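One line per chain: the protein sequences are U and Z, in this order.
Taking the numbering used here, the leading residue of the first sequence gets 5, the next gets one more, and so forth.
Taking the numbering used here, the leading residue of the second sequence gets 1291, the next gets one more, and so forth.
Beta carbons are placed, not taken as given, at the ideal position from N, Cα and C, and that holds for glycine.
None of the values given here were measured: they were computed from a predicted structure.
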Amino acid sequence: MTGDLIPLHKRITLLVRSRTWELLGIVGFMCFVALFTLATNEFVFWAFGILICYIAVPLALAASRQEMTGAEAALWLQKPVRELRFALAGFAETIMATVLVSVLFGTICVVVGMAMGWAPERPPILALLVGGLAAFTIASMAFGMAVWLPRGSRAAIIFLIVMSLYLFDPEISQPDLVRGGPIVLARIVLFPAPDVVRFGVGLTGDIPFQIRPILAMLAYSAGWIAVGALGIWHAAVRGRIGYS
Amino acid sequence: MSAHEPHISAAEVTASYKGVGRRHVALRNVTLEVFPGAISALVGPNGAGKTTLFRVLLGFLRPDSGCCRVGGLEPVEFRRRHGVAYVPEFPAFPRGWACRDILGRSVDLAVRPHGRADAFALALERAGLDHRTLSRRARRCSNGTQRRLSIASALIGDPEVVLLDEPFAGLDPPARAALRREIQRAREGGAVVLVATHDLAEVARLADRIVAMSGGGITDTRTVTANDKLSVADLETELFGER
């Protein structure tokens, strides 16, 4: 809105600033990975570290239930605002902050990696695109989870991502576990890791580029956003706003 | 809003919280009418239901039964349309936000763009914080400063309904006097002011009406006239039966 005393860019800056310790933790982790990579001269660790950070950044920036419907939210929700609209606007700001921090972080990682002697086989910009979409998906999951779970939403998301990698990775796939009905359920609930891989591989030209993985990731994200919106609506209708 | 019609009315309101294994009933058949341009003090022991009543009036908690109206609307709808000033007993502020940012954001949410500069200046004056404190992160400020910030933030936009939960706790004498002036100014502006407090000295000074609560219900109401000279000791005896 024009004329805001705290405009959008300031709100995004405040959001990032409020997560200083989490983001410093991610930077610390990458410093450790850099040392390990230099010691072993195996840049697969560096690439793996970047992947982990692309998961960690949206989790760090995601709003907690306390911020969306808890006591902190009561500070803003006493003003003439609608809960759902306010929460969705906050989610949009989180997405913007996530994309900005992810792209900045990825760029720094690529530059630092190249300075250490890393020569990626594919143009790193493609990895940034894949990472950006994956980060958006994880931020959506965090929105949906955090509204319903008072605590442990981040752990639950990590569980869904790890389970997805475990069940869908062709090298370590567990076909016995995911046949018939369970595979359909797993596809709906678990993080769409196969689609992230297909999108990435399609970008590099190793397989023909398909729009379907992108649509699948967007649909999955939309599902979680709907879950979050339902949670906000439920909290407002049932009268569960402003609790510590 | 007519001074002869209640701005807030609650009829037989019962509200409960979900507890471990069973529901905890926090309000029992509360019937209350509050008129504009008056200060009502809610007094009672801890757990009497004062804060729960505020949550119901804010539309943050839906009553299990009974009817509650604020300005003729459901409390939640009134809050969404007009806003309600609410100072919780324990204010919670977002991480990393400075006092100035919180006031600025509150102005953005409560006031139309053309009036924001004036509203922000008034909020700064009400908060009474120096330049350095305004730039400090709210969570790192003292309890008294946080309360002043919470009060200044709540009063932005001059809402018609003002709910203050233990607003005097942790305030120094000048800040108490300033808050008293703000409460009286809100009353003169025609607002409905409800103050939940254990501070009977402030009740004696400010209240036009005293509502005593205990065990989730209203046990006594008393209108204070200009001729009444209330002392804290008399109030204690009258409301709680002890001296």
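| field | Against chain Z: residues of the region 153-168 of chain U by CB proximity under 8 Å | value | none
| said: If you follow the beta strand (DSSP E) that Z/C1357 is in, where does it begin and where does it stop? | reply: Its beta strand (DSSP E) spans residues 1355-1360.
| task | Report yes or no: do three or more beta-carbon pairs, one from the region 1345-1358 of chain Z and one from the region 1299-1309 of chain Z, lie closer than 8 Å? | result | yes
| message | Does Z/L1351 come out as helix, strand or coil in the three-state DSSP assignment? | response | coil
| By Cβ distance below 6 Å, which residues in the same chain neighbour U/M145 in space, the five residues on each side in sequence not counted? | I161, W228
| field | Any 3 or more C-beta pairs closer than 8 Å across the region 235-247 of chain U and the region 76-89 of chain U | value | yes
| said: Which same chain residues end up closer than 7 Å to U/V37 when comparing Cβ atoms and leaving out the 5 residues on each side of it in sequence? | reply: F49, W50, G53
| What residues from chain U crowd round Z/V1315, counting only those whose CB sits closer than 8 Å? | Neighbours of Z/V1315 on chain U: none; closest Cβ ~15 Å, over 8 Å.
| query | Contact check, U/A101 vs U/I16 under 8 Å by CB: the rounded distance? | reply | 5 Å
| Apart from the five residues just before and just after U/V116, which ones in its own chain have a Cβ nearer than 7 Å to its Cβ? | A38
| query | Hey, Z/P1326 and Z/V1482: beta-carbon distance below 8 Å or not? | reply | In contact: Z/P1326 and Z/V1482 (Cβ atoms closer than 8 Å).
| task | Give a yes or no on whether the minimum CB-CB distance between Z/P1457 and chain U is below 8 Å. | result | no
| request: Anything in chain Z within Cβ reach of U/W80, meaning under 8 Å, just list it in chain order. | output: R1395, S1396, L1399
| task | Give a yes or no on whether 8 Å exceeds the smallest Cβ distance from Z/R1345 to chain U. | result | yes
| task | Tell me whether U/I30 counts as near the ligand NAP, meaning its Cβ is closer than 7 Å to at least one heavy atom of that ligand. | result | What this structure holds is no ligand at all, so the ligand NAP is not there to describe.
| Do we get a CB-CB distance below 8 Å when we pair U/P62 with the residues of chain Z? | no
| At which residue ranges does the region 1397-1421 of chain Z contain complete alpha helix (DSSP H) runs of 4 or more residues, listed in the order of the chain? | 1406-1417
| task | Answer with yes or no whether the minimum CB distance from Z/V1485 to chain U is below 8 Å. | result | Residue contact check for Z/V1485 against chain U: no CB pair falls below 8 Å.
| Taking C-beta to C-beta, are Z/G1361 and Z/H1297 nearer than 8 Å? | By the CB criterion at 8 Å, Z/G1361 and Z/H1297 fall inside the cutoff.
| query | Is any beta-carbon of chain U found at less than 8 Å from that of Z/A1375? | reply | Under the 8 Å criterion on CB atoms, Z/A1375 is classed as interfacial with respect to chain U.
| field | Nearest to Z/V1429 (by Cα), restricted to the options U/V61, U/A43, U/E76, U/E26 | value | Reading off the sequence shown, one finds Arg at residue 1429 of chain Z, where the question assumed Val. The shortest Cα separation from Z/R1429 among U/V61, U/A43, U/E76, U/E26 belongs to U/E76.
| said: Which residues of the region 1342-1368 of chain Z have a Cβ closer than 9 Å to any Cβ of chain U? Give them in chain order. | reply: Cβ contacts with chain U come from R1345, V1346, L1348, G1349, F1350, L1351, R1352, P1353, V1366.
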